[in-house]
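Before any comments, here is the structure.
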Amino acid sequence: MKDQVRIAEFNKDEKLKPFIRWAGGKQNLIKEIYETLDLNGVQRFFEPFLGGASFFLQGKFKYSYLSDLNSNLVNCYKQIKQNPKGVFDGLSRYRIPVAPDVYYYEREVYNEHNGDQTLDQAIRFIFLNRTSFNGIYRVNKSGAYNVPFGKPNPAFSSLEHLEKISLKLQQTTIFSGFYDEIEQLVQANDLIYLDPPYPKLSDTAYFSHYTLDKFDNREQEKVAMFAKRLQDKECKVVVSNADLPEIRELYSCWQISECSAFRYISCKKNRIRVKELIIKNF
Ligand SMILES: C[S@@+](CC[C@H](N)C(=O)[O-])C[C@H]1O[C@@H](n2cnc3c(N)ncnc32)[C@H](O)[C@@H]1O
């Protein structure tokens with residue numbers, strides 16, 4: 010069966026990176042995660058905690074469903090899918106090095122247009138993400154993005170990079186919503202990658218502050234129950250999470266392997282190596 014075309018696999022020939030910096034991103038773990046998986050028989054892929062889309066970008070799937078609760082983030086994928094050149098041209102108009110007052114002006118305009126599904130809002134999102142402090146996404150109680158300026162020399166994606174991502178996005182459905190909204194869409198043999206915000210690792214940990222809705226332990230339990238329902242539908246499920254006793258307990262009947270990644274766990278400290286888990290049911 011040497012010539013048989015596999016429908017889903019790890020794309021080892023091309024390392025397609027995310028176009029944003031994203032807290033908790035799996036870019037550096039993705040090869041390790043794929044190595045633990047047998048994707049035979051998989052046709053469709055779901056990534057409902059999309060973030061920087063590391064898993065999707067490094068895979069080859071016949072069709073994918075990509076979603077996230079952050080509608081401003083989701084809009085970037087929609088715009089890149091439709092118009093990668095428009096996104097590139099918009100980002101090229103910023104003068105480098107970026108002055109702090111330009112960043113704060115764009116942040117204000119971004120907040121005025123919160124939720125707009127437009128090309129301009131996608132350009133502002135990527136600009137802010139690339140020039141902000143550590144690329145985190147944090148909002149205040151009223152939902153306004155409030156991350157300070159941090160990087161005067163941002164590295165924006167090349168046109169070629171955005172075009173590659175756009176091409177890959179053609180075989181996808183992209184939407185914003187809660188992760189469990191995919192439940193009505195999934196079928197047996199679909200591959201689902203769940204990468205929820207992690208539980209706090211320290212009192213000052215901030216990389217779980219993506220949206221207004223905090224992701225507490227009760228939410229982790231709900232994700233585990235959701236994963237179980239997907240398993241009951243005979244889906245292939247992979248979950249990433251922090252290596253904490255409560256997470257191991259939630260998935261005690263699943264196959265668990267360890268890996269490690271560098272993460273920021275506080276605003277003040279540098280990145281440190283932390284243990285994480287790859288949890289799966291196949
Ligand atoms: C750990 S990040 C995913 C990182 C991604 N795997 C990557 O490699 O970049 C978690 C994501 O979940 C999203 N999120 C938080 N709560 C959510 C919810 N209830 N439903 C769907 N997405 C949610 C956040 O906006 C964030 O993008």
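Mapping to my numbering: the sequence shown position 160 is 169, numbers consecutive.
Note that CB positions come from ideal geometry on N, CA and C, so glycine has one too.
Predicted, not measured: the structure shown is a model, and the values here were computed from it.
- Closest in alpha carbon position to valine 247, among Asp199, Lys223, Asn84, Lys209, is Asp199.
- The alpha-carbon of arginine 280 is positioned some 26 Å away from that of proline 57.
- The DSSP-derived three-state label of threonine 181 is strand.
- Boundaries for phenylalanine 158: no alpha helix (DSSP H) harbours it, and the DSSP string shows neither H nor E there.
- When C-beta atoms of the stretch 83–96 are compared with those of the stretch 223–237, fewer than three pairs fall below 8 Å, so the two segments do not count as touching.
- The Cβ atoms of glutamate 190 and phenylalanine 184 lie closer than 9 Å to each other.
- If you look at serine 80, you'll find it in the alpha helix (DSSP H) that goes 80–91.
- Here the alpha carbons of leucine 38 and asparagine 138 stand approximately 21 Å from one another.
- For glutamate 228, the CB falls within less than 8 Å of some heavy atom of ligand 1.
- Taking C-beta atoms under 8 Å as the contact rule, tryptophan 263 and lysine 284 fail to qualify, at a distance of about 17 Å.
- Pro27 is the residue among Asn49, Gly50, Pro27, Lys245 whose C-alpha sits nearest the C-alpha of leucine 59.
- The straight-line gap separating the alpha-carbon atoms of tyrosine 260 and isoleucine 201 is approximately 16 Å.
- For the options Asn149, Val195, Tyr43, the alpha carbon positioned closest to that of lysine 242 is the one of Val195.
- For leucine 286, the enclosing beta strand (DSSP E) starts and ends at 281–289.
- Counting other Cβ atoms within 10 Å of its Cβ, valine 83 reaches 16 or more and is therefore classed as buried.
- Within its own chain, the residues whose Cβ lies closer than 6 Å to the Cβ of alanine 153, once the five positions on either side in sequence are excluded, are Asn120, listed in chain order.
- Judged by DSSP secondary structure, asparagine 226 falls within the alpha helix (DSSP H) whose first and last residues are 226–241.
- Look at valine 247 here: in three-state DSSP terms it is strand.
- Collapsing the DSSP output to three states places serine 167 in coil.
- With respect to the 9 Å criterion, alanine 32 and isoleucine 145 are classified as neighbours on the basis of their beta carbons.
- Using a Cβ distance threshold of 9 Å, leucine 178 and tyrosine 86 count as a contacting pair.
- Phenylalanine 19 and aspartate 110 have their C-alpha atoms roughly 42 Å apart.
- Looking at Ala270, Lys69, Asn226, the one whose alpha-carbon comes closest to that of arginine 257 is Asn226.
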